[in-house]
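Colleague: Protein chains in written order, with our numbering: chain C, 1 to 478; chain X, 1001 to 1478.
Think of the CB as a built atom: it goes at the ideal place given N, C-alpha and C, for glycine as much as any other residue.
Got a structure for you, questions after.
2 protein chains.
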Amino acid sequence: MSSKKQEKLRFQLLSAQLELARNEDRAVVVLVTGHAGTGKGQLINRLNHWLENRLTEVQALVPSEEDRRHPYWWRYWTRLPARGRIGIFVHGWVGDALFAGAARRLGEGAFADHLKEIANFEVDLRAAGITLVKLWLDIDADIQGQYLAELEADPETRWQATEEKWQRHSQHRVIEQLGKQLRKATATDDSPWLCLDASPGNDLLTPVVEHMIVAMQGTSKTATVAAPSSGRVSIAPAVPQLSDLTGHDSAIDKAEYREQLACAQARLAELARRAVWRGIPVVVVFEGHDAAGKGGSIHRLTSALDARTYRVCSIAAPSEQELLYPWQWRFWQRLPKDGSVTVFDRSWYGRVLVERVEALIDEPEWQLGYQQILDFEDQLLRHGTVLVKLFLAIDSDVQLKRFKARAVTPHKQHKLTEDDWRNRTRWDDYQRAIDDMFSATHQSAAPWSLIDANNKRRARLAVLHEVTMRLVERLQVN
Amino acid sequence: MSSKKQEKLRFQLLSAQLELARNEDRAVVVLVTGHAGTGKGQLINRLNHWLENRLTEVQALVPSEEDRRHPYWWRYWTRLPARGRIGIFVHGWVGDALFAGAARRLGEGAFADHLKEIANFEVDLRAAGITLVKLWLDIDADIQGQYLAELEADPETRWQATEEKWQRHSQHRVIEQLGKQLRKATATDDSPWLCLDASPGNDLLTPVVEHMIVAMQGTSKTATVAAPSSGRVSIAPAVPQLSDLTGHDSAIDKAEYREQLACAQARLAELARRAVWRGIPVVVVFEGHDAAGKGGSIHRLTSALDARTYRVCSIAAPSEQELLYPWQWRFWQRLPKDGSVTVFDRSWYGRVLVERVEALIDEPEWQLGYQQILDFEDQLLRHGTVLVKLFLAIDSDVQLKRFKARAVTPHKQHKLTEDDWRNRTRWDDYQRAIDDMFSATHQSAAPWSLIDANNKRRARLAVLHEVTMRLVERLQVN
């Protein structure tokens, strides 16, 4: 390519990137994978040189201990570029499946499952307005072998002919075959695969940059695509509904409450220690009506836990920074690593509750939200997470009474905001959204526990009981 | 305490916290340490219940693999609360020294050294406008033993009488003694220690909350305190000065340049692989005049590195989020873990260059900056980091020529901003700041390499040479 044409292309790429950064309406993810000895490193280096460094991140990942102690997709979710930025992934999520498959560490069925998960993940990225550019670098087996031999013969380039590359050379046929299967399963109209012949001497930069420019000019703005179900989720039979609540629980006197509480906390403490010891991650989700007593219940729960092992995450409206990522991103960020507990004071269910009712998103988005939530929870469950989902429900009149009490208690006044009063006017809409949420997300492996919170003491004991039972179930103790 | 008095106190604490969040002018760090069996967990739980969860972080740290693969203080710097927030540290940096000392894993001298580092760290926190609240929980050895025995006797509380607590009971005398030494070495007028008798039954919450309220109302806003030198830094004898540059290097023709470059990259590639293999972290700092060719040099440097092992961090003005932390925080965040390379395109030296010259901070602040930089680099060096500091210098007329060339090259136009032209008008101020920087921060263990960048090819070769030599030195190879 003439130097002048190259200059022009470089300028176009850079302009597209600066435009992206100005608009901040989407992120770009470039996935570079394929055979070994195809000059991926050099390609990325040259891309990097053409792009504005401050707006580009290269993710060439060797999974850390931290990565392995989280659900598999955590490592990719937490490394996504923010809107306005470009993230270049070397092999990324595709490489994991591909090379495990080639090394026969994944059977055929497991490989196929993995492809479904990849397709799922990419659907989520597109739904969040991320432009995906997927590059497959091809090379003929003989040429590959010859090239590696040449690298090895020259003392100056010998270091590039690594054992890993020779190994992948020996797996060329199976990588070729799995690659085809992979590209077929994950190609979409929005993000097709660009396959390039990367024989030595071929110019890769030009077609890649041209492809990127076109992709970046596309208008893939937050297209709401229906996520294909991962097919693993089964909705449990006894879906709770708010109408199940039979009215106020009987009162319990203070002395008896205190005794039961101490007993329940001691039991829970022991179970939680065992879970931590065994490296099991625990997620407890608190949802509920305003003034249902989530804070007080969380306090009684965490009193039984070792401060070194738990974290409480209070979920409010996303920050400006968080809004630059897919909506699930902030929850992925907050997941516990193995052997620790995260308590969510409100959670990802805001997507189908407050965001739906307050019309912060459109109906197709919150409808899609159910499936996205199921997929997300599926990831946690398959990693072995104990997931406890609690909904603390109160009646409308009880809420009113508590609001009024808050208004006259100095240290509670700041909790009562205009939002609370406004939410109350939408009581019925919320009730509908809550029941819909139960119907759509009450999984056998992660059921909802609907807790009558009209009586605070009873509710706190019930919360401890539910968490305890879920741990008992998992730890297989009595 | 009467329930009414308690309500009042709770309200005062919460009000102080909400005020803190509103102003965002400083952060509060609460450090809770002392003997075992003193109810720290319960105290923190109750504090947490009184505070607004969304604005509070509890850091009860068990160092992770990730923590251990960074310089020691990384784990605390990266966990500091942002301005407007409260961070509660259980034992924290004080506990590490204390319990290592008690277990005789730290000798007397090492313990004393650690105390100096603690004092240093706390000075940095205060200089960044962080309010430090330090709590020491005391208990008599006999009462402690009796209390642990009681916990153990009751099946419901037995889990709390851990082996660790019994061990610390057996070390009571030495913890007492080291604790006194520690408190003496780290108490200051701004952040004294509050020592509380934490015998069972004593109310800790009231005095702690009262102490916090007073501390939070204090006006410790960004007090610029002179940091005591860590005393370890020795300024190397041959301090470079810009006037050392003897004029333009001789030209080098393209063919020869290419050959030398390939050779230098191959050599560097091998050394870098060895460093990665041996788990050595490498930090390369690029500073220099505008248009000195930092970008191009970085490109030639990273071309020799495996994409999985390095990251380029371009440092521009801090983001709004970053401004909520001490100025060093964003550099701590970006440090490489063991076995990886981070290239800084501009760096922490902005504190004593652009921030000084553009008067973004006052003179006492940038003056303090030199010592803070030395302390920061000292941390990296003591962790075993290879630290290469490069300054690419050009003459004023060469800069002008390059600016003009940028203006007519499409893909370079965006690099030329009004800032560049404005900086040029301050040329002499920058020259003075650069020379002062050399004088103050040219350490034997981390010297400055002043590179004549008037000739781009020569400069790129020189950069590769410098990095190579520093790796050779460290790896003890030929």
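Where are the alpha helix (DSSP H) runs, 4 residues long or more, that stay fully inside the stretch 1058 to 1123 of chain X, in chain order?
Modeller: If we require 4 residues or more, the alpha helix (DSSP H) runs fully inside the stretch 1058 to 1123 of chain X come out as 1065 to 1068, 1074 to 1077 and 1092 to 1102.
Colleague: Does DSSP put K337(C) in a helix, a strand or coil?
Modeller: Reduced to three states, the DSSP call for K337(C) is coil.
Colleague: Name the two residues that bound the continuous beta strand (DSSP E) containing E1019(X).
Modeller: Where E1019(X) is concerned, there is no enclosing beta strand (DSSP E), although the alpha helix (DSSP H) it sits in stretches over S1003 to N1023.
Colleague: Which chain C residues are close to R1159(X), counting only those with a beta carbon under 8 Å from its beta carbon?
Modeller: What sits at residue 1159(X) in the sequence shown is Trp, not Arg. Ordered by position in chain C, the residues that pass the 8 Å Cβ test against W1159(X) are A266, A269, E270 and R273.
Colleague: Anything in chain C within Cβ reach of D1452(X), meaning under 8 Å, just list it in chain order.
Modeller: Under the 8 Å cutoff, chain C gives no residues; its nearest Cβ is about 23 Å from D1452(X).
Colleague: How would you label D397(C), buried or exposed, when you count the other beta carbons within 10 angstroms and need 16 or more for buried?
Modeller: Its Cβ having fewer than 16 others within 10 Å, D397(C) is exposed.
Colleague: Assign G218(C) to buried or exposed, taking buried as 16 or more other Cβ atoms, counted over all protein chains shown, within 10 Å of its Cβ.
Modeller: Exposed, since its Cβ has fewer than 16 Cβ neighbours within 10 Å.
Colleague: Give the interface partners of N45(C) over in chain X, defined as CB-CB distance under 8 Å, in chain order.
Modeller: Ordered by position in chain X, the residues that pass the 8 Å Cβ test against N45(C) are H1299, T1302, S1303 and A1307.
Colleague: Of all the CB atoms in chain C, is at least one closer than 8 Å to the CB of E1150(X)?
Modeller: No, E1150(X) does not count as interfacial toward chain C.
Colleague: What residues in its chain sit with their C-beta under 6 Å from that of T56(C), if we drop five residues either side in the sequence?
Modeller: Hits under 6 Å: I86.
Colleague: Output, in chain order, the set of chain X residues within a Cβ distance shorter than 7 Å of A60(C).
Modeller: Per Cβ cutoff of 7 Å: A1307 and R1308.
Colleague: Should F1011(X) be flagged as near chain C, meaning a C-beta pair shorter than 8 Å?
Modeller: Chain C, which has a Cβ nearer than 8 Å to the Cβ of F1011(X), makes this yes.
Colleague: With DSSP as the reference, label Y310(C) as helix, strand or coil.
Modeller: Looking at Y310(C) - three-state DSSP - the assignment turns out to be strand.
Colleague: Taking the C-alpha atoms as reference points, what is the distance between Y257(C) and N454(C)?
Modeller: Y257(C) and N454(C): Cα-Cα distance of roughly 15 Å.
Colleague: For T468(C) and L268(C), what's the separation of their Cα atoms in angstroms?
Modeller: Distance between the alpha carbons of T468(C) and L268(C) is about 6 Å.
Colleague: Give me the chain C residues within the contact set of A1262(X), using Cβ-Cβ distance strictly less than 8 Å, ordered along the chain.
Modeller: Going along chain C in sequence order, the residues near A1262(X) (Cβ under 8 Å) are E156.
Colleague: Would you report the Cα separation of P1063(X) and R308(C), rounded to the nearest angstrom?
Modeller: Cα-Cα distance, rounded: 10 Å.
Colleague: On the three-pair Cβ rule with 8 Å, is the stretch 27 to 39 of chain C touching the stretch 1425 to 1435 of chain X?
Modeller: No contact exists between the stretch 27 to 39 of chain C and the stretch 1425 to 1435 of chain X.
Colleague: Could you pull the start and end residues of the beta strand (DSSP E) that K1134(X) belongs to?
Modeller: I1130 to D1138 is the span of the beta strand (DSSP E), which, as asked, contains K1134(X).
Colleague: Tell me, please, whether the CB atom of G109(C) is closer than 8 Å to any CB atom in chain X?
Modeller: Taking Cβ atoms only, chain X never reaches closer than 8 Å to G109(C), which makes this a no.
Colleague: Report yes if the CB atom of V352(C) is closer than 8 Å to the CB atom of W366(C), and no otherwise.
Modeller: Yes, the pair counts as a contact, with Cβ atoms nearer than the cut-off.
Colleague: So, using beta-carbon positions, are L1148(X) and K1165(X) closer together than 8 Å?
Modeller: Yes; because the gap between Cβ atoms is below 8 Å, this pair is in contact.
Colleague: Excluding sequence positions up to five away, which residues of its chain have a Cβ less than 7 Å from the Cβ of T1157(X)?
Modeller: Counting only Cβ-Cβ distances below 7 Å, and skipping sequence neighbours, we find L1151.
Colleague: Use the C-beta contact count for T206(C): other C-beta atoms within 10 angstroms, 16 or more gives buried, fewer gives exposed.
Modeller: The residue in question, T206(C), is exposed, as its Cβ has fewer than 16 Cβ neighbours within 10 Å.
Colleague: What does a CB cutoff of less than 7 Å around F330(C) pick up in its chain, not counting 5 residues either side in sequence?
Modeller: Sequence check: residue 330(C) is Arg here, not Phe. These residues qualify, in order along the chain: P318 and E322.
Colleague: Throw me the rounded Cβ distance for the L1387(X) and V1283(X) pair, which I believe falls under 8 Å.
Modeller: Indeed they touch by this definition, with Cβ atoms about 5 Å apart.
Colleague: Looking at the secondary structure, which residues open and close the alpha helix (DSSP H) in which D397(C) lies?
Modeller: Start and end: S396 to A407.
Colleague: In chain X, which residues lie with their C-beta within 8 Å of the C-beta of Q321(C)?
Modeller: Correct list: Q1321.
Colleague: Scan the stretch 1246 to 1316 of chain X and note each continuous beta strand (DSSP E) run of 3 residues or more that stays entirely inside, going in chain order.
Modeller: Fully enclosed beta strand (DSSP E) runs of 3 or longer: 1282 to 1288 and 1310 to 1314.
Colleague: Which residue wins for smallest C-alpha separation from L368(C), given the options E287(C), G288(C), A440(C) and P155(C)?
Modeller: Nearest option by C-alpha distance: A440(C).
Colleague: Let me know the secondary structure DSSP gives G34(C) once reduced to three states.
Modeller: In the structure shown, G34(C) sits in a strand (DSSP, three-state: E or B).
Colleague: Using three-state DSSP, classify T1056(X) as helix, strand or coil.
Modeller: Strand at T1056(X).
Colleague: Leaving out five residues on either side along the sequence, give the residues of the same chain with a beta carbon under 8 Å from the beta carbon of S303(C).
Modeller: So the qualifying residues of the chain are Q265.
Colleague: Does any residue of chain X have a CB that is nearer than 8 Å to the CB of V352(C)?
Modeller: Judged by the 8 Å Cβ criterion, V352(C) is not in contact with chain X.
Colleague: Check the DSSP bridge columns for F503(C) and list the partner residues they point to.
Modeller: The structure shown does not extend to residue 503(C), since chain C is modelled only from 1 to 478, so the question has no answer here.
Colleague: Going by C-alpha to C-alpha distance, which of L1360(X), Y1349(X) and K1389(X) sits closest to Q1371(X)?
Modeller: Cα-wise, what sits closest to Q1371(X) is Y1349(X).
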